[in-house]
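Q: Residue numbers (the numbering used here): 137 to 245. Cβ coordinates follow ideal geometry from the N, Cα and C atoms, glycine included. I have a structure here, written as structure tokens, and I will follow up with some questions on it.
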């Protein structure tokens, strides 16, 4: 169940970030409920994942890495922002680092 909460937290955070971008930095006030609601939901869901036994380092690492990757890809697709090869390599390196954190946490269990 903790993984489901984590995935939902990631989706809420990315949704809120995309809404923040769409709002033009909150200039378009109609986006404020989506921004605030998404971030609040993301933190609540992250707390549920932690409450169901997920390790903080693992949860936060996956949340951050997935958020960076999804945000970069969606920003490219929705807002035509750059996503260069170097940026893609950075995303892969982040994913690799999170994988090592996860493997290290499992080795300690």
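Under 7 Å, do residue 142 and residue 195 count as touching if we go by C-beta distance?
A: Here residue 142 is taken as the residue at index 6 of the chain shown, counted from 1. Here residue 195 is taken as the residue at index 59 of the chain shown, counted from 1. Yes, the pair counts as a contact, with Cβ atoms nearer than the cut-off.
Q: If you pair each beta-carbon of the stretch 161-174 with each one of the stretch 214-228, do three or more pairs fall below 8 Å?
A: At 8 Å Cβ cutoff, the stretches do not touch.
Q: Hey, out of 152, 211 and 222, whose CA is closest to residue 166's CA?
A: Taking the chain shown and counting its residues from 1, the one referred to as residue 166 is at position 30. Ranking the options by Cα distance to residue 166, first place goes to 152.
Q: Kindly indicate which residue of 242, 230, 238 and 213 has the alpha-carbon position closest to the one of residue 203.
A: Taking the chain shown and counting its residues from 1, one reaches residue 203 at position 67. For the residues 242, 230, 238 and 213, the minimum Cα distance to residue 203 belongs to 230.
Q: Can residue 198 and residue 150 be called in contact, C-beta distance under 7 Å?
A: Sequence index remark: in the chain shown, residue 198 carries index 62 (1-based). Sequence index remark: in the chain shown, residue 150 carries index 14 (1-based). It is not a contact, given that the beta carbons lie outside the stated cut-off.
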